[in-house]
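This report refers to the structure that appears directly beneath it.
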Amino acid sequence: MKIFSLSRVVPFLLFICTVVCAVPVSAGTAPIGVSAKSAVLVEGDSGHIVWSKNSGEKLPMASTTKIMTALVAIENYSDLDAMVKINGKACGVEGSSVYLKAGEELTMRQLLQALLLESANDAACAIAIEVAGSVEKFAVLMNETAKRLEMNSSHFTNPHGLDHEEHYTTAEDMAKLTVAALKNKDFAEIVSTYKTTIPLNGDEGTRLLLNHNKLLKYYDGAVGVKTGFTKRSGRCLVSAAVRDGVTMIAVTLSAPDDWNDHRAMLDFGFSAYRHIDAASPGSVSHSIPVSRGSIPSVTVKNRDSFGLSMPNDSPEIRCVIEAPRFIIAPVKKDDVLGYACYYLGNEEVARLPLYAECGCDRLKDPSLLDKILRLF
Numbered sequence: 000m001k002i003f004s005l006s007r008v009v010p011f012l013l014f015i016c017t018v019v020c021a022v023p024v025s026a027g028t029a030p031i032g033v034s035a036k037s038a039v040l041v042e043g044d045s046g047h048i049v050w051s052k053n054s055g056e057k058l059p060m061a062s063t064t065k066i067m068t069a070l071v072a073i074e075n076y077s078d079l080d081a082m083v084k085i086n087g088k089a090c091g092v093e094g095s096s097v098y099l100k101a102g103e104e105l106t107m108r109q110l111l112q113a114l115l116l117e118s119a120n121d122a123a124c125a126i127a128i129e130v131a132g133s134v135e136k137f138a139v140l141m142n143e144t145a146k147r148l149e150m151n152s153s154h155f156t157n158p159h160g161l162d163h164e165e166h167y168t169t170a171e172d173m174a175k176l177t178v179a180a181l182k183n184k185d186f187a188e189i190v191s192t193y194k195t196t197i198p199l200n201g202d203e204g205t206r207l208l209l210n211h212n213k214l215l216k217y218y219d220g221a222v223g224v225k226t227g228f229t230k231r232s233g234r235c236l237v238s239a240a241v242r243d244g245v246t247m248i249a250v251t252l253s254a255p256d257d258w259n260d261h262r263a264m265l266d267f268g269f270s271a272y273r274h275i276d277a278a279s280p281g282s283v284s285h286s287i288p289v290s291r292g293s294i295p296s297v298t299v300k301n302r303d304s305f306g307l308s309m310p311n312d313s314p315e316i317r318c319v320i321e322a323p324r325f326i327i328a329p330v331k332k333d334d335v336l337g338y339a340c341y342y343l344g345n346e347e348v349a350r351l352p353l354y355a356e357c358g359c360d361r362l363k364d365p366s367l368l369d370k371i372l373r374l375f
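In our numbering, the protein residues as written are 0 to 375.
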């Protein structure tokens, strides 16, 4: 198959919809009276900021640290259902605990549940030692992950979030972390769980784990993620909720009235945004002429879906089909022959491959005798 490079670009308007913005939505309509010293609200798919308050200020983050602990563990541990023998160094850590015993065995998944639901500091240390060999080496992995996620104003010294001068983040960095973490299926499943049980020292019984995030019960659409508190950090909270296809993530650091802060922030986000399903499988169809083929043209279609969560007052979304003016046979079924490109203003936000719906054989070239006979 040969594809001739002179592209035929066919723009068409899909519909009026809303656009993802990298700046806060209408500062004048922002949630009023947020108690947090630092806060940010982001759209969960893109991470774009919807609203913020001192979101770049470096502050301690208490047990919201455990979002990073969980993500590092999940990304660096091959089997979450493998058994972990609890190291004695993880036992007796101050603060929240599930009272692990040295030599006790739990799966990595169960330790993550204890970490994220009960905010267990002993589980945090057990995870760190199992994954990296020590709390100190695990902190190195945490900082490497922070660098990868462009959390440029954060530094981690431990897996549990207990106070340390060099252990800090910003609301904006914590939002970046949470956007990444919620894309992980295992993480998302655990933080959305309100209660579960794990074994207690083998066959001695069970531990009941209750999620400290009460928004899971009292806020419609809540899906996580983590609470935190120390005397130095104050009340810290990261929450996420999904409504009508829109995901909102709220972060507050040092927030005396964090639950009401998050309700107000999330409500504001959902009132300002909506989700648009721009493409579904087969919704884009285009015909490309075929030269020297057994059929005159081949139809191409998309197989992927594409949607956006965007502010309500945005410009139009448009689709531009990039495909050759014609192709030369043969063509194979499932060949990628073009792309459906989606634009918001001048920014390309998605590019979906267009696949040939059928094959097309090349016609046999006429012989010299045939060519001579056609002259008469």
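Backbone N, C-alpha and C define an ideal beta-carbon position, used for all residues, glycine too.
Because the structure is a prediction, the values reported are computed rather than measured.
Reduced DSSP category for residue i - H, G, I as helix; E, B as strand; rest coil
i, result
"R291", "coil"
"F186", "helix"
"T177", "helix"
"L351", "strand"
"F269", "helix"
"Y167", "strand"
"A249", "strand"
"K136", "helix"
"H261", "helix"
"A254", "coil"
"E103", "coil"
CB of residue i within 7 Å of CB of residue j, strictly
i, j, result
"T229", "A61", "yes"
"I327", "R291", "yes"
"V241", "G220", "yes"
"A119", "S96", "yes"
"A349", "L336", "no"
"F305", "A278", "yes"
"L353", "V299", "yes"
"A187", "L70", "no"
"A170", "V250", "yes"
Selection from the options that minimises the alpha carbon distance to residue i
i, options, result
"S45", "D312, V245, Y341", "V245"
"Q391", "K36, A101, R206", "Look at the range of the chain in this structure, 0 to 375, and you will see that residue 391 is not part of it."
"D78", "G102, T106, K331", "T106"
"V195", "G55, A174, L58, L111", "It is worth fixing the name first, because residue 195 is Thr in this sequence and not Val. The shortest C-alpha separation from T195 is found at L111."
"N212", "V237, N183, G233", "V237"
"T68", "G43, A89, L40, L114", "L114"
"L161", "V83, D257, L58", "L58"
"L362", "A170, P329, L199", "P329"
"D312", "Y272, I31, E347, D364", "Y272"
Cβ neighbour criterion (16 or more within 10 Å) applied to residue i
i, result
"I85", "buried"
"D80", "exposed"
"I294", "exposed"
"E117", "buried"
"V49", "buried"
"T64", "buried"
"G27", "Bear in mind that a pLDDT of 38 at G27, under 50, signals an unreliable position, so the number given afterwards is only what the model happens to contain. Per the 10 Å Cβ criterion, exposed."
"L140", "buried"
"K52", "buried"
"S37", "buried"
"L208", "buried"
C-beta neighbour in chain D for residue i, strict 7 Å
i, result
"E315", "No chain D is present in this structure, which holds just one protein chain."
Practice task
List in chain order: all unbroken alpha helix (DSSP H) runs of 4+ residues lying wholly within the region 283 to 347.
Solution key: Qualifying alpha helix (DSSP H) stretches: none in this window.
Exercise for the section: For the region 37 to 91, list the beta strand (DSSP E) runs that are entirely contained and at least 3 residues long, ordered along the chain. Expected result: Complete beta strand (DSSP E) runs here, min 3: 37 to 42, 48 to 52, 82 to 84.
Exercise for the section: Let me know the beta strand (DSSP E) ranges lying completely inside the region 105 to 133, each 3 residues or longer, listed in chain order. Expected result: The region 105 to 133 contains no whole beta strand (DSSP E) run of 3 or more residues.
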